[in-house]
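Every letter in the sequence shown is one number past the one before it in the numbering used here, and letter 187, counting from 1, is 811. Glycine included, every Cβ here is placed at the ideal spot set by N, Cα and C. All values derive from a computational prediction rather than experimental measurement. Here the structure is laid out as structure tokens; the discussion comes afterwards.
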Amino acid sequence: MTAAIDKVVLVDSHCHIDFPELADDIPGVLQRMADSDVKYALCVSVNMRDFPRVLTLATEHEQIFASVGVHPDTTDAPEPSLEELVREGRARRVVAVGETGLDYFRASGDLEWQRQRFRTHIRAARELDKPLIIHCREAAQDLLQILREENAREVGGVMHCFTESWDVASAAMEMNFLISFSGILTFKSAAALREVASRVPSDRLLVETDSPYLAPVPYRGKTNQPAFVRHVAEGLAQVRGASLAQIAAITTANFFRMFVALDK
Ligand SMILES: [Zn+2]
Ligand SMILES: [Zn+2]
């Protein structure tokens, strides 16, 4: 192998560096990314009130990309309209719509509002021709059905922080989605997830931190940050019998193909 192929360039495909745990030390976050060969990170929006902060981070720092969307768990902020998502999503540094999806774990009662919000995001993504960032917790069957009904395959995207079964991964991949693994992959209890991660084709893999949450081993329980995606990638390399450089090359290429080559 040549030195060029060995050079590690990683992307954290999902983080929340605008959250208070990280927002006060953006220079430090960026420096530690550089020290760990994490060249880019996608800062994911969770409500419209804070979206301007997310966009500003992406506008001011070439390492940071942004998304626009309202998390399925957000209940204390105004409902986004299709027009609003499309208008804000046109910004050049916005490379995706989300995070959106369904979360039946943290919400209860009649969740029709959540399914409706999800449909609105898919329609916005199709109108913008930008991919989706999907959050799914204990709702996989409804989620896949809505992706099908709304023709999400037209834009594709990522199943972020994936913790579902192989069957769910396959169904999502058939609809043009990538599968992103987080620090959970490095947890002792995650044997079933590692088995899924060993089977996903190389051209469908992404890595992420979901920081400030879900720090990978050996930082479990601490504040997570984009630099730690290197440990997620190392975990994935181990599961697949690959080198860190190989996992970095694959996941970075997948990220750019899905999210940044928007003139596709
Ligand atoms: Zn999420
Ligand atoms: Zn997230």
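Near ligand 2: residue i beta-carbon under 8 Å from a heavy atom
i: H784; result: yes
i: E723; result: yes
i: H695; result: yes
i: H745; result: no
i: H638; result: yes
i: H759; result: yes
i: V710; result: no
i: V635; result: no
i: V718; result: no
i: V668; result: yes
Exposure of residue i, with buried meaning 16 or more beta-carbon neighbours within 10 Å
i: E778; result: exposed
i: R854; result: buried
i: Q740; result: exposed
i: N878; result: buried
i: V831; result: buried
i: P702; result: exposed
i: P840; result: buried
i: G693; result: buried
i: E679; result: The question names Glu, but residue 679 in the sequence shown is Leu. Classification for L679: buried.
i: T876; result: buried
i: G781; result: buried
i: Q849; result: buried
i: G733; result: exposed
i: G722; result: buried
Boundaries (first-last residue) of the beta strand (DSSP E) holding residue i
i: H638; result: L634 to C639
i: G781; result: G781 to M783
i: I688; result: I688 to V692
i: R761; result: L756 to R761
Ligand 1 heavy atom lying under 8 Å from the CB of residue i
i: D834; result: yes
i: H855; result: no
Distance between beta carbons of residue j and residue i, contact taken as under 8 Å
i: H759; j: P696; result: 6 Å
i: L809; j: R823; result: Not a contact, Cβ separation roughly 13 Å.
i: L666; j: D636; result: 7 Å
First through last residue of the alpha helix (DSSP H) which encompasses residue i
i: R772; result: A764 to E773
i: E645; result: P644 to A647
> Can you give, in chain order, each stretch of the beta strand (DSSP E) that sits fully within the region 798 to 885 and has at least 3 residues?
Replying inline: Scanning the region 798 to 885 from its first residue to its last, the whole beta strand (DSSP E) runs of 3-plus residues come out as 801 to 805 and 829 to 831.
>> Runs of 4 residues minimum, wholly inside the region 651 to 725: which ones carry the alpha helix (DSSP H) assignment?
In response: Listed in chain order, the complete alpha helix (DSSP H) runs (minimum 4 residues) inside the region 651 to 725 are 675 to 684 and 706 to 713.
> Quick one: complete alpha helix (DSSP H) runs, 4+ long, within the region 727 to 754?
Replying inline: Runs found: 736 to 752.
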